[in-house]
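Since the structure comes first, as structure tokens, the remarks are kept for the end.
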Amino acid sequence: MANNRGSLADIAFFMVRLIIGLLFACHGAQKMFGVLGGTRSLGNPLLLSAGVIELAGGLLIAFGLFTRIAAFIASGEMAVAYFKMHAPHGFWPIQNKGELAAAYCFFFLFVAAAGAGQYSLDRLVRGKG
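If you want our numbering, it's the 1-based position in the sequence shown plus 90.
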């Protein structure tokens, strides 16, 4: 992000990371607790692991703690979800209803590369983003 403290880009990145991380955590809450219109999926090991990654990873990304590793794992989970659940139903994400999985995958890949940014617990605890 920008070098000057408190830049508009830093604030915007914080807000986007926070909202997308919390939305991702909601998907995990659906699988883990059956809330928000979801179905509890603790009996299926694949969905259980997805729920843990989504809930924990989403919260870590949202608040910017262990952000790079959490985002890398979340990106990989979304790549697996896309190719396992969506790609068999057609080539194009809009056709196979996989656009959200693809968007999450590439956003998290960006966060894994860029770090948490200026406004994060990583920055507060370790002095780096």
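Built from N, CA and C at the ideal position, the CB exists for glycine as well.
Cutoff 8 Å; reference residue i; Cβ partners in own chain excluding five residues on either side
{"i": "Glu-189", "result": "Pro-183"}
{"i": "Leu-113", "result": "Gly-148"}
Where the alpha helix (DSSP H) through residue i begins and ends
{"i": "Cys-157", "result": "One point to set straight first is that residue 157 is Thr, not Cys, in the sequence displayed. Run containing Thr-157: 157-171, per the alpha helix (DSSP H) assignment."}
{"i": "Gly-126", "result": "The question names Gly, but residue 126 in the sequence shown is Leu. It is not in any alpha helix (DSSP H) - Leu-126 carries neither H nor E in the DSSP assignment."}
{"i": "Lys-139", "result": "At residue 139 the sequence reads Ser, which differs from the Lys that was named. Ser-139 -> alpha helix (DSSP H) spans 135-153."}
Helix, strand or coil at residue i [DSSP, three-state]
{"i": "Lys-187", "result": "coil"}
{"i": "Tyr-194", "result": "helix"}
{"i": "Leu-214", "result": "helix"}
{"i": "Leu-132", "result": "coil"}
{"i": "Phe-181", "result": "coil"}
{"i": "Gly-205", "result": "coil"}
Same chain only: Cβ atoms within 6 Å of residue i, ignoring 5 sequence neighbours per side
{"i": "Tyr-209", "result": "Phe-104"}
{"i": "Val-125", "result": "Ala-119"}
{"i": "Glu-144", "result": "Phe-114, His-117 and Gly-118"}
{"i": "Gly-180", "result": "Asn-186"}
Same chain, Cβ closer than 7 Å to residue i, five either side skipped, listed in chain order
{"i": "Ala-92", "result": "Legend: pLDDT at Ala-92 = 48, less than 50; position of this residue unreliable, no value from coordinates given."}
{"i": "Phe-197", "result": "Ile-110"}
{"i": "Ala-33", "result": "The first residue shown for the chain is 91 and the last is 219, placing residue 33 beyond what the model contains."}
>> Check whether the region 167-182 and the region 134-149 are in contact - that is, three or more C-beta pairs closer than 8 Å.
In response: yes
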